[in-house]
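Read the structure below first, then the notes.
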Amino acid sequence: MKVLIINGPNLNLLGTREPEIYGTISMESYLENLKSDFTSHELNYYQSNIEGELINRLQEDNFDAVVINPGAFTHYSYAIADCLKNIQKPKVEVHISNIYKREEFRQKSVTAACTDAVLSGFGMEGYRLAILSLK
Numbered sequence: 024m025k026v027l028i029i030n031g032p033n034l035n036l037l038g039t040r041e042p043e044i045y046g047t048i049s050m051e052s053y054l055e056n057l058k059s060d061f062t063s064h065e066l067n068y069y070q071s072n073i074e075g076e077l078i079n080r081l082q083e084d085n086f087d088a089v090v091i092n093p094g095a096f097t098h099y100s101y102a103i104a105d106c107l108k109n110i111q112k113p114k115v116e117v118h119i120s121n122i123y124k125r126e127e128f129r130q131k132s133v134t135a136a137c138t139d140a141v142l143s144g145f146g147m148e149g150y151r152l153a154i155l156s157l158k
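Numbering (the numbering used here), first residue to last: 24 to 158.
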């Protein structure tokens with residue numbers, strides 16, 4: 024299975040950004056662990072701070088499933104939500120922190136309804152759980 028893992032804005036700073044919330048491991052390091060654990064999957068990673076670039080990558084449609092952490096776009100990007108709605112493949116939204124224990128503005132996801140499942144608050148392991156859930 025070819026899985027596209029997408030991270031939105033500021034998630035390029037994983038490992039250094041607010042480690043008390045997001046942990047100390049970089050996505051690149053964690054991705055290597057995932058690739059070792061899921062040898063029967065082809066894991067492709069893409070990160071951008073730019074909404075349109077995320078949409079363009081999703082619209083390339085060269086994957087079997089999507090694991091997406093939209094970052095701050097979670098809370099207001101109807102453009103990403105519309106894009107996800109049009110993808111007829113398994114989609115899981117992941118959040119490293121429990122968004123419902125955060126600031127009020129972070130507790131709303133406009134993208135969640137356009138995915139098949141949401142994992143929130145499992146730390147980086149949320150990505151692993153998302154991949155395990157894909158069929």
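Ideal placement from N, C-alpha and C gives every residue a C-beta, glycine not left out.
Nothing here was measured: the structure is a model prediction, and the numbers come from that model.
- Inter-residue distance for valine 133 and glutamate 127 is about 14 Å (C-alpha atoms, whole angstroms).
- Per DSSP, glutamate 51 is one residue of the alpha helix (DSSP H) stretching across 50 to 60.
- Contact between alanine 88 and cysteine 137 does not hold, since their C-beta atoms are separated by about 14 Å, which reaches or exceeds 8 Å.
- In this structure, glycine 94 sits near asparagine 30, with a CB-CB distance shorter than 8 Å.
- The residues Phe86, Asp87, Ala88, Val89, in chain order, have a CB closer than 8 Å to that of lysine 112 in the same chain once the five nearest residues on each side in sequence are set aside.
- Beyond the five residues adjoining it in sequence on each side, tyrosine 99 comes within less than 7 Å, by CB distance, of Val133 in the same chain, given in chain order.
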